[in-house]
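J.: Please find one structure pasted underneath; my questions will follow.
Protein chains: 2
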Amino acid sequence: MKISTKGRYGLTIMIDLAKNYGDGQSPTSLKSIAKNNDLSEHYLEQLIAPLRNAGLVRSIRGAYGGYILGREPGQITSGDVIRVLEGPISPVEGIEDEEPVKRQLWIRIRDAVKGVLDNTTIEDLANYKDEGEQDSYMFYI
Amino acid sequence: MKISTKGRYGLTIMIDLAKNYGDGQSPTSLKSIAKNNDLSEHYLEQLIAPLRNAGLVRSIRGAYGGYILGREPGQITSGDVIRVLEGPISPVEGIEDEEPVKRQLWIRIRDAVKGVLDNTTIEDLANYKDEGEQDSYMFYI
DNA sequence: ACCTATCCTTACTATGTCGATAGGGATTTA
DNA sequence: TAAATCCCTATCGACATAGTAAGGATAGGT
Numbered sequence: 090m091k092i093s094t095k096g097r098y099g100l101t102i103m104i105d106l107a108k109n110y111g112d113g114q115s116p117t118s119l120k121s122i123a124k125n126n127d128l129s130e131h132y133l134e135q136l137i138a139p140l141r142n143a144g145l146v147r148s149i150r151g152a153y154g155g156y157i158l159g160r161e162p163g164q165i166t167s168g169d170v171i172r173v174l175e176g177p178i179s180p181v182e183g184i185e186d187e188e189p190v191k192r193q194l195w196i197r198i199r200d201a202v203k204g205v206l207d208n209t210t211i212e213d214l215a216n217y218k219d220e221g222e223q224d225s226y227m228f229y230i
Numbered sequence: 090m091k092i093s094t095k096g097r098y099g100l101t102i103m104i105d106l107a108k109n110y111g112d113g114q115s116p117t118s119l120k121s122i123a124k125n126n127d128l129s130e131h132y133l134e135q136l137i138a139p140l141r142n143a144g145l146v147r148s149i150r151g152a153y154g155g156y157i158l159g160r161e162p163g164q165i166t167s168g169d170v171i172r173v174l175e176g177p178i179s180p181v182e183g184i185e186d187e188e189p190v191k192r193q194l195w196i197r198i199r200d201a202v203k204g205v206l207d208n209t210t211i212e213d214l215a216n217y218k219d220e221g222e223q224d225s226y227m228f229y230i
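Chains G and H, in that order, give the protein sequences.
Each residue of the first sequence is one higher than the last, beginning at 90 in this note's numbering.
Each residue of the second sequence is one higher than the last, beginning at 90 in this note's numbering.
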């Protein structure tokens, strides 16, 4: 029941691109994103390929190339990113094959997660300001 | 982002035990549960061991033995079962290590899933009656 | 006392995914 | 034409999943 580094690094990429969005649209290189976040550039290349295929980012090749967001940060949700990199948002494979008793449980979970992911845009994440201590009590399981 | 067969079969076991709960407390054999649900008895043995260690089921050894729920079905949540078999409910490993921007997203997802799992008891699941067509439109991703 | 049903434990295996690393090719700007 | 960048395919070690295999321990029924 975990989101892997694919989805997590994918969000990292998208948030970085969102922060650079708009200032003359000069592309951001993967190298700088990798360095910024202390990640393997080579690994990020594999993650950004599906994001490009899905139209979530556009690429500019050649020297001084890089990536820019495919549309406004407010028009891309974290659900868009997670779905591309992790597959459908669902707590089980083949939810429709489950018997009704458990199916309704999986559907409730799925809809709860969708509710969060589809209502949080990349813009929301890029603009997030840490409000301080409001989450210090949050680490119960 | 999936719940594996461990958690799913674990719920299946608990629901079966809940259905037999109360009628003289005669234990239910794993064999019958396995047959009922067309699962490998041997595999279920491995899943029920942690459930027993956690006190969610009690075992009676010997001929005519089997398992009974460790407490009333209404006092056991699906979250109890999932946590025992799948580990902590959290969309990422080490949520507290994530930077605040993404951490708040993971926390929202975690709390949404917890809300469902911790408020659905085994009794709820065992008593579920299929209401018919109310979920025929539910298979969008 | 013995047989058998059941629980209990450990070991093994096949398959797939994760999280990269390796090595190079294609394209564009200066 | 050199350098920066995107692009593509292959490979790899570690780990988890979903079992199978083999047998031991316990207790009820006869």
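Beta carbons are placed, not taken as given, at the ideal position from N, Cα and C, and that holds for glycine.
#1: I'd like the span of the alpha helix (DSSP H) that includes H/Ser121, first residue to last.
#2: Determine whether the Cβ of G/Glu217 lies closer than 8 Å to any Cβ atom of chain H.
#3: In chain G, which residues lie with their C-beta within 8 Å of the C-beta of H/Tyr214?
#4: With C-beta atoms as the reference, is H/Pro139 less than 8 Å away from H/Leu100?
#5: Suppose the cutoff is 8 Å on Cβ atoms and the five residues either side in sequence are ignored; what does the same chain contact list for G/Ile184 look like?
#6: Counting only C-beta atoms, is H/Pro180 closer than 8 Å to chain G at any point?
#7: Here's a check: name, in chain order, each residue in its chain whose Cβ is nearer than 8 Å to the Cβ of G/Asn125, leaving out the five neighbours to either side.
#8: What is the residue span of the beta strand (DSSP E) that G/Tyr156 lies within?
#9: If you draw a straight line from the alpha carbon of G/Thr94 to that of G/Ala152, how long is it in whole angstroms?
#10: Closer than 8 Å, CB to CB, is H/Ser118 near chain G or not?
#11: If we ignore side chains and look at the alpha-carbon of each, how far apart do H/Ile171 and G/Glu134 end up?
#12: Starting from G/Ser148, trace the beta strand (DSSP E) both ways and give me its first and last residue.
#13: According to DSSP, is G/Thr94 helix, strand or coil?
#14: State the start and end residues of the unbroken alpha helix (DSSP H) segment that holds H/Pro180.
#15: Please look up how many angstroms separate the CB atoms of H/Met90 and G/Ile165, rounded, as I've assumed it's under 8 Å.
#16: Reducing DSSP to helix, strand and coil, say where H/Thr250 ends up.
T.: With the structure as the only source:
#1: Residues Leu119 to Asn126.
#2: It is Tyr, not Glu, that sits at residue 217 of chain G in the sequence shown. Yes, contact with chain H.
#3: In the sequence as presented, Tyr is not what sits at residue 214 of chain H; that position holds Leu. Simply Val190, Lys191 and Leu194.
#4: The answer is no: Cβ separation not under 8 Å.
#5: Excluding sequence neighbours, G/Ile184 sits near Arg192, Trp195, Ile196 and Arg199.
#6: The beta carbon of H/Pro180 sits closer than 8 Å to some beta carbon of chain G.
#7: Beyond the five residues adjoining it in sequence on each side, G/Asn125 comes within less than 8 Å, by CB distance, of Asp105 in the same chain, given in chain order.
#8: In the DSSP annotation of this structure, the continuous segment of the beta strand (DSSP E) that includes G/Tyr156 starts and ends at Gly155 to Leu158.
#9: Rounded to the nearest angstrom, the two C-alpha atoms are 28 Å apart.
#10: Under the 8 Å criterion on CB atoms, H/Ser118 is classed as non-interfacial with respect to chain G.
#11: So the two alpha carbons sit approximately 35 Å from each other.
#12: Counting along the chain, G/Ser148 sits inside the beta strand (DSSP E) bounded by residues Val146 to Ile149.
#13: Looking at G/Thr94 - three-state DSSP - the assignment turns out to be helix.
#14: Where H/Pro180 is concerned, there is no enclosing alpha helix (DSSP H), given that its DSSP letter is neither H nor E.
#15: That pair is no contact at about 19 Å.
#16: What is shown of chain H runs 90 to 230, which leaves residue 250 of chain H out entirely.
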